[in-house]
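Reviewing the structure listed below.
Residue numbers (the working numbering), protein chains in the order written: chain A, 59 to 200; chain B, 3 to 206.
Okay, structure coming up:
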């Protein structure tokens, strides 16, 4: 199916490209992830949200992932042999981000207080996870 | 012997038809020697967030022909840049890059090759397999006064698709175009093809 976020449409074909890339790297990445208690994105993140809020949260999340995750793990992805699906995800995230950017510039959504709070919650969880993994890295004499 | 100064491969460009993308350049000639080439690329994400990162092309890390099929490298509808360098022994040229970035939404879409078949009274259509991105928008109608055009989307090529059960003795026509949703474009329609169903008596 397609994703319609207000007037923004993300074609089925892009979602299929994202899904294929995700499947190609999922097992490799999950095998390395020993921290399984923390959930960054929760079900209620989007519950009762307006489409403008969903648009906004998606925009913030995509921008966050592209700025913080993808550029820090590029070399690691190459080492793990998953660079191709990794950059397919990154570039297709970038396609969706540009579509949402287009909606944002036309004033279709703005960061409401509620979504701002939700996104800060996500960032706090992410920082916790990072600190924990750096801690582990330190203990192992990384 | 005096080290040969290898020039960067000139005239880099991408030729793309039906979502198959071929990067070509002019060869670097060194008499009596075989010059190899190495190809790397960047998507818009890399250019925007990690501009120092270039990714080795899937198939062209050390090739001797001045062309590279980069179809597998282009996996998003964003602007890509490519660079190529010449390699001779331990020597490498400077990188040359595209004058204009390439986006797969500029690919040339040709109208589809189509076969229409009648199996008894059944009108069946078959398209060539053009790869995972291609669907086929089929328009068909019975050739008679004020007949109505009907439409069908065929999701993939290389398989038989039943269009309609024909009326005895009637003539039916079909035309089609390719649809590539990921770049939000379609080809021109192909040539209309018509076929006549057997008369009723013929089958008794």
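Don't be surprised by glycine CBs; every beta carbon is placed ideally from N, CA and C. Computed from a prediction, not measured in an experiment: that's the story for all the values here.
Nearest residue (CA-CA) to residue i, options the options
i              : options                        : result
residue 157(A) : 145(A), 117(A), 176(A), 175(A) : 117(A)
residue 25(B)  : 71(B), 31(B), 171(B)           : 71(B)
residue 71(A)  : 101(B), 135(B), 113(B)         : 135(B)
residue 141(A) : 95(B), 57(B), 79(B)            : 57(B)
residue 110(A) : 164(A), 181(A), 183(A), 184(A) : 164(A)
residue 172(B) : 154(B), 188(B), 199(B)         : 199(B)
residue 108(A) : 127(A), 186(A), 166(A)         : 166(A)
residue 176(A) : 115(A), 132(A), 87(A)          : 115(A)
residue 85(A)  : 125(A), 75(A), 135(A)          : 135(A)
residue 155(A) : 36(B), 191(B), 112(B), 50(B)   : 50(B)
residue 120(B) : 201(B), 10(B), 13(B), 7(B)     : 201(B)
residue 38(B)  : 10(B), 161(B), 53(B)           : 10(B)
residue 34(B)  : 90(B), 160(B), 161(B), 130(B)  : 90(B)
residue 83(A)  : 130(A), 139(A), 126(A)         : 139(A)
residue 167(B) : 122(B), 66(B), 61(B)           : 122(B)
residue 104(B) : 43(B), 59(B), 194(B)           : 43(B)
Nonlocal neighbours in the same chain, by C-beta distance under 7 Å from residue i, ignoring five residues either side
i              : result
residue 76(B)  : 23, 82, 106
residue 157(B) : 137
residue 45(B)  : 78, 80, 82
residue 153(A) : 72
residue 164(B) : 124, 126
residue 133(B) : 21
residue 190(B) : 113, 179
Residue i - containing alpha helix (DSSP H), residue span
i              : result
residue 121(A) : 109–122
residue 160(A) : 141–163
residue 154(B) : No alpha helix (DSSP H) holds residue 154(B); the beta strand (DSSP E) holding it covers 152–156.
residue 217(A) : Lying before the first or after the last residue shown, residue 217(A) is absent from chain A, which here runs from 59 to 200.
residue 174(B) : Per DSSP, residue 174(B) belongs to no alpha helix (DSSP H); it is in the beta strand (DSSP E), 173–182.
residue 46(B)  : 46–51
Simplified DSSP assignment, three categories, for residue i
i              : result
residue 112(B) : coil
residue 73(A)  : helix
residue 200(B) : coil
residue 181(A) : helix
residue 186(A) : helix
residue 73(B)  : helix
residue 129(A) : helix
residue 173(A) : helix
residue 36(B)  : coil
residue 107(B) : helix
residue 86(A)  : helix
residue 118(B) : strand
residue 138(B) : strand
residue 31(B)  : coil
residue 105(A) : coil
residue 81(A)  : helix
residue 7(B)   : coil
Contacting residues, own chain, Cβ-Cβ under 8 Å from residue i (five flanking each side not counted)
i              : result
residue 155(B) : 137, 138, 139, 140, 181
residue 196(B) : 145, 173, 174, 175, 176
residue 199(A) : Any reading at residue 199(A) must be qualified, since the residue scores a pLDDT of 43, below 50, and its modelled position is unreliable; the value itself is stated next. For residue 199(A), where only same-chain residues beyond five positions count, there are no Cβ hits under 8 Å.
residue 188(B) : 111, 139, 179, 180, 181, 182
residue 159(A) : 117
residue 88(B)  : 8, 9, 10, 11, 30, 37, 38, 39, 94, 95
residue 74(A)  : none
residue 192(B) : 113, 114, 115, 116, 177, 178, 179
residue 161(B) : 128
residue 173(A) : 107, 111, 114, 115, 118
Partners in chain A for residue i, counting only beta-carbon separations shorter than 9 Å
i             : result
residue 73(B) : Chain A residues near residue 73(B): none, gap ~13 Å exceeds 9 Å.
residue 80(B) : 149, 150, 152, 153, 156
Contacts of residue i in chain A (Cβ-Cβ under 8 Å)
i              : result
residue 77(B)  : 75, 79, 142, 145, 146, 149, 150
residue 135(B) : 71
residue 31(B)  : By Cβ distance, chain A contributes nothing, its closest Cβ being about 33 Å from residue 31(B), past 8 Å.
residue 186(B) : 69
Proximal residues of chain A, C-beta to C-beta of residue i below 7 Å
i              : result
residue 55(B)  : 132
residue 183(B) : 69, 70, 71
Proximal residues of chain B, C-beta to C-beta of residue i below 9 Å
i              : result
residue 128(A) : 47, 51, 52
residue 179(A) : Here the premise fails: no neighbours, minimum Cβ distance about 24 Å.
Beta strand (DSSP E) segment containing residue i, residue limits
i              : result
residue 124(B) : 124–129
residue 1(B)   : Outside the modelled stretch of chain B, which goes from 3 to 206, sits residue 1(B), for which no answer is possible.
residue 165(B) : 162–167
residue 79(B)  : Looking at the DSSP string, residue 79(B) is not in any beta strand (DSSP E), and its letter there is neither H nor E.
residue 15(B)  : 15–19
residue 26(B)  : 22–26
Residues of its chain near residue i, where Cβ-Cβ distance is below 6 Å and the 5 sequence neighbours each way are ignored
i              : result
residue 109(B) : 18, 21
residue 73(B)  : 22, 23
residue 48(B)  : 55
residue 2(B)   : Residue coverage of chain B in this structure runs from 3 to 206, which leaves residue 2(B) outside it and unanswerable.
residue 152(B) : 142
residue 68(B)  : 27, 29
Beta-carbon neighbours of residue i, restricted to chain B and to distances below 8 Å
i              : result
residue 135(A) : Those within 8 Å of residue 135(A) in chain B number zero; the least Cβ separation is about 10 Å.
Closer than 7 Å at the beta carbon, the chain B residues around residue i
i              : result
residue 124(A) : 47, 51
Residue i: CB within 7 Å of a non-hydrogen atom of the ligand COA
i              : result
residue 117(A) : The ligand COA is not among the ligands present in this structure, which contains no ligands whatsoever.
Contact with chain D by residue i, beta-carbon distance below 8 Å
i              : result
residue 138(A) : Of the chains in the structure shown, none is chain D; the protein chains are A and B.
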